[in-house]
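Single-structure report; data block below.
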Amino acid sequence: MGLRLWVHHFWCLVEGKENRNPEIQADMTSVTPAQEIQEETKCSICLDYMKEPVNVECGHNFCRVCITNYCEAGGKGDYEPLCCPNCRAWIQKRTLRTEVGKLRPAGHIRPVQPLSSRLLPCCPPPLQSQSDVTLDPDTAHPRLVLSEDGKSVRWEDTRQHVPDNPKRFDSSRCVLGLEGFSSGRHYWEVEVEDGGAWAVGVARESVRRKGRVNVNPEEGIWAVGQCGTQYLALTSPKIPLSLGERPRTIGIYLDCEEGRVAFFDADNEAPIFTFPPASVPGEKILPLLCLGRGSQFRLCPCITGYNIEP
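Counting in my numbering, the sequence shown runs without a single skipped number right up to 779 at its last residue.
Quick look at the structure:
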């Protein structure tokens with residue numbers, strides 16, 4: 470390194486600059502912009518890409534270590550003139566030392582912290598909303614048959630001999646979830662196995678169980694469903710839904726704080742319909758399934774591997 474520094478210093482004392490040579494000037498005109506940028510990012514002392522660049526008073530940049538060594542090797546006197554290794558402009562060694570010294574305080578030069586150390590504290594933890602839902606046999610219409618584990622339900626043409634308790638739907642072919650939600654965020658999935666008429670959604674705990682129940686928000690039910698070949702958001706009036714393909718697994722997301730419920734195609738994460746905030750009242754909300762002839766539902770584990778928050 471010392472020999473190279475003295476070579477630079479020697480050429481500073483030589484009269485006549487190379488760029489006055491017409492042949493060199495002609496060569497410079499053939500340099501491409503990419504080459505110019507590459508040259509500007511290299512230190513002319515070590516001939517490598519600059520590390521901790523330092524700008525001297527003539528405007529050129531060098532590695533901090535390279536220009537520091539150049540300063541130290543240039544002579545003993547603080548006022549002994551030195552020349553820039555690039556343009557050979559005269560500079561005072563004291564001035565050069567001052568510029569380099571500005572970069573030496575430990576408070577100014579410090580390792581760059583990874584961005585993750587600043588970003589991670591700002592990011593909320595992933596939403597853990599997956600809920601284990603089981604169906605309540607005491608609410609099931611007599612034509613609906615539940616599995617022993619309460620995870621599936623199917624339509625039967627023959628009415629079952631079950632007790633007629635106050636919780637049971639006696640006219641509408643519906644069943645509620647055993648667990649209710651009054652706070653937090655919850656997500657579960659329902660697999661639609663068969664049938665051309667069905668509805669999935671949520672209902673308030675106080676929903677009517679006796680007599681014909683209309684599946685709409687006025688009755689305390691927020692759901693989407695299928696009627697024949699048409700998919701519908703069961704609002705008042707009903708809203709036809711244009712779905713790219715038949716959803717086989719419906720994801721239901723319930724936000725009790727915002728009073729919002731949203732539906733997704735769990736197989737491709739495509740949104741189906743969202744009831745706006747404040748739609749669902751601040752009382753206990755239960756999962757709801759409604760089945761038509763030949764329909765069958767199964768509550769399936771959440772295997773999509775994502776947390777949904779619309």
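All C-beta atoms in this analysis are idealised placements derived from N, C-alpha and C, irrespective of residue type, glycine included. All values derive from a computational prediction rather than experimental measurement.
- When secondary structure is reduced to three states using DSSP, residue 690 falls in the strand class.
- The three-state secondary structure of residue 534, taken from DSSP, is helix.
- Residue 542 sits in a helix when the DSSP states are folded into three classes.
- Around the C-beta of residue 665, fewer than 16 other C-beta atoms lie within 10 Å, and the residue is accordingly described as exposed.
- Just measuring C-alpha positions, the residue of 633, 719, 722 and 709 sitting nearest residue 679 is 633.
- Counting along the chain, the unbroken beta strand (DSSP E) around residue 671 starts and ends at 666-673.
- In the three-state DSSP reduction, residue 608 falls in the helix class (H, G or I).
- If you draw a straight line from the Cα of residue 768 to the Cα of residue 616, it comes to about 11 Å.
- Scanning its chain for C-beta atoms nearer than 7 Å, with the 5 sequence neighbours on each side dropped, one finds around residue 681 the residues 640 and 641, in chain order.
- Residue pairing for residue 511: DSSP places it in a beta bridge opposite 518.
- With respect to residue 515, residue 540 sits apart: the two C-beta atoms are not nearer than 8 Å.
- Between the C-alpha atoms of residue 766 and residue 667 there is a straight-line separation of about 9 Å.
- In the structure shown, residue 638 adopts coil according to DSSP, grouped into three states.
- C-alpha of residue 729 to C-alpha of residue 602: approximately 18 Å in a straight line.
- Linking residue 683 to residue 737 through their CA atoms gives a straight-line distance of about 30 Å.
- In terms of CA proximity to residue 721, 757 leads the group 757, 698 and 709.
- Of the residues 753, 524, 718 and 759, the one whose Cα lies closest to the Cα of residue 648 is 753.
- DSSP lists 718 and 767 as the bridge partner or partners of residue 660.
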